[in-house]
Amino acid sequence: MSNQSIYITAPELAQVMGVSNGHAYKLIRAMNTELKKQGYLTIAGKLPRAYLEKCLYGFSLKAEGGAE
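Numbering-wise, the numbering used here puts 61 at position 60 of the sequence shown, and it's gapless, one number per residue.
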C-alpha cells in the first residue's frame with residue numbers, strides 16, 4: 002500500500018506546481034467546481050490525485066502503470 006493519499010492538498014499542489022498556497026486553493030476550487038458539475042462529491046481544499054493528473058497530463062499516471 003502506498004503512503005500517498007488519494008487526495009492532494011493545496012500546500013502539496015503549491016509545491017508540485019511551484020505556485021503560492023493561495024493560487025493552489027484557487028485551482029482546487031475551480032477543479033472541484035468541475036467535478037461537482039459532473040455529479041461527484043468534493044472535499045473543500047482537497048482534490049483527487051487521479052483527477053489532477055488527468056487535468057495536467059491528459060491521463061491518470063496510476064491507471065497507465067506509471068507512478069505509484
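The beta carbon of each residue, even a glycine, is placed where N, CA and C say it ideally should be.
query: Per DSSP, the bridge partner or partners of L48; result: I9
query: Identity of the residue in Q16, E35, L53 nearest I7 by Cα; result: L53
query: Element boundaries [alpha helix (DSSP H), containing T34]; result: 22-38
query: Cβ neighbours of N33 in the same chain (closer than 7 angstroms, five flanking residues each side left out); result: T43, L48
query: Spatial neighbours of A15 in its chain, beta-carbon cut-off 8 angstroms, leaving aside the 5 residues before and after; result: S21, N22, H24, A25
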